[in-house]
Amino acid sequence: FVDMDTEEPRQTHADWKNNPYQMTRGHLCPAADNKWSKEAMNQSFLLSNICPQTQSLNGGAWQKLEDKCRTWAKQHGDIYIVAGPVFEGGKVTRAMGNNNVAVPDAFFKVVLCLNGSPRAIGFVYKNDDSSQSMNYNACSVDYVEDLTGFDFFYSLPDDIEEEIEANNDIRIMDRKGHISERIW
215 FVDMDTEEPR QTHADWKNNP YQMTRGHLCP AADNKWSKEA MNQSFLLSNI
265 CPQTQSLNGG AWQKLEDKCR TWAKQHGDIY IVAGPVFEGG KVTRAMGNNN
315 VAVPDAFFKV VLCLNGSPRA IGFVYKNDDS SQSMNYNACS VDYVEDLTGF
365 DFFYSLPDDI EEEIEANNDI RIMDRKGHIS ERIW
């Protein structure tokens, strides 16, 4: 759906026709995370929630990360997720369609869990056809902040924010807070 609440020029379905980069419609907030209401599900299909992603990323490594985030949410209760595009050097070098839909160079996702011991982890995936693993793409939230210029969890007390945002060990959490697997 075209999001009429976004400023013009806005992304339209016509921008995806004859797309020179063969991109797929990558959801920033996955549709599978919005099954709790029809309105939320419909909103997940707004083009303002869609970014051009390669098929191998969208249907591969990124989807595995989305699935893992759902697993973590079931295991740990509330988690906070922020995802978005990354443009190297802050510049758009590829665009498609009459409205110049920006094609990101990469995508980030940061995940925060405050249940039990607070913990957070970041991920950055290249928007290309390379084989990418969760272990390889895991990083600290501090790294994602440096890359994007965003300050994600600024409302946390500084001592907690500094500690959890510096962590890049994805072995930090299981159901009981034990280190038991290499994936967060």
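Quick note on my numbering: the sequence shown kicks off at 215 and runs consecutively.
Just so you know, even glycine gets a beta-carbon here, dropped at the ideal spot from N, CA and C.
No experiment lies behind these values; they were computed from the predicted model shown.
Check your understanding: What residues in its chain sit with their C-beta under 7 Å from that of Phe364, if we drop five residues either side in the sequence?
Key -> Residue mapping note: residue 364 aligns to position 150 of the sequence shown, counting from 1. Here the set comprises nothing.
**Study point:** Nearest to Val399 (by Cα), restricted to the options Leu328, Leu326, Cys327 and Asp319
**Key:** This structure cannot speak to residue 399, because the chain is shown only from 215 to 398.
Review point. Distance, Cα to Cα, Tyr350 vs Pro223?
Key: Locating residue 350 in the sequence shown gives position 136, where the first residue counts as 1. Locating residue 223 in the sequence shown gives position 9, where the first residue counts as 1. Taking the straight line joining both Cα atoms gives about 36 Å.
Point to revise | Length-filtered (4 minimum) alpha helix (DSSP H) runs lying within the stretch 275–313 | key: 276–290
**Study point:** For Glu375, the nearest candidate out of Ala352, Leu328, Ser347 and Leu361 (CA to CA)
**Key:** Within the sequence shown, the letter at position 161 stands for residue 375. Ranking Ala352, Leu328, Ser347 and Leu361 by Cα distance to Glu375 puts Leu328 first.
**Study point:** Simplified DSSP state of Gly240, which is helix, strand or coil
**Key:** Translated into positions along the sequence shown, residue 240 becomes position 26. Residue state, collapsed to three classes: strand.
Practice item. Determine the contact status of Ala297 and Leu242, defining contact as a CB-CB distance below 7 Å. Key: Locating residue 297 in the sequence shown gives position 83, counting from the first residue. Locating residue 242 in the sequence shown gives position 28, counting from the first residue. Yes, the pair counts as a contact, with Cβ atoms nearer than the cut-off.
Exercise for review: Within its chain, find whatever has a CB closer than 7 Å to the CB of Asn312; leave out the 5 residues flanking it on each side and keep chain order.
Suggested key: Position 98 of the sequence shown, counted from the first residue, corresponds to residue 312. So the list reads Ala228 and Asp229, once near-sequence residues are dropped.
Review point. What does a CB cutoff of less than 6 Å around His290 pick up in its chain, not counting 5 residues either side in sequence?
Key: One-based indexing of the sequence shown puts residue 290 at position 76. Result list for His290: Cys327 and Asn329, in chain order.
Review point. What first and last residue would you give for the alpha helix (DSSP H) that runs through Val324?
Key: Here residue 324 is taken as the residue at index 110 of the sequence shown, counted from 1. First-last for Val324: Ala320 to Cys327, but that is the beta strand (DSSP E), not the alpha helix (DSSP H).
Check your understanding: So, are the CB atoms of Ile293 and Val324 less than 7 Å apart?
Key -> Position 79 of the sequence shown holds residue 293. Position 110 of the sequence shown holds residue 324. Contact: no.
Exercise for review: Report the three-state DSSP secondary structure of Lys231 (helix, strand or coil).
Suggested key: Position 17 of the sequence shown, counting from 1, holds the residue named residue 231. Lys231 falls in the coil class under three-state DSSP.
Review point. How long is the line joining the alpha carbons of Phe322 and Ala254, rounded to whole angstroms?
Key: Residue mapping note: residue 322 aligns to position 108 of the sequence shown, counting from 1. Residue mapping note: residue 254 aligns to position 40 of the sequence shown, counting from 1. Cα to Cα, Phe322 sits roughly 22 Å from Ala254.
Review point. Looking at the unbroken beta strand (DSSP E) that takes in Lys340, where does it start and where does it end?
Key: For the purposes of this step, residue 340 is taken as the residue at position 126 of the sequence shown. Per DSSP, Lys340 belongs to the beta strand (DSSP E) from Arg333 to Lys340.
Check your understanding: What first and last residue would you give for the alpha helix (DSSP H) that runs through Gln257?
Key -> Along the sequence shown, one-based indexing puts residue 257 at 43. Taken as a continuous stretch (DSSP letters only), the alpha helix (DSSP H) holding Gln257 covers Lys252 to Ser258.
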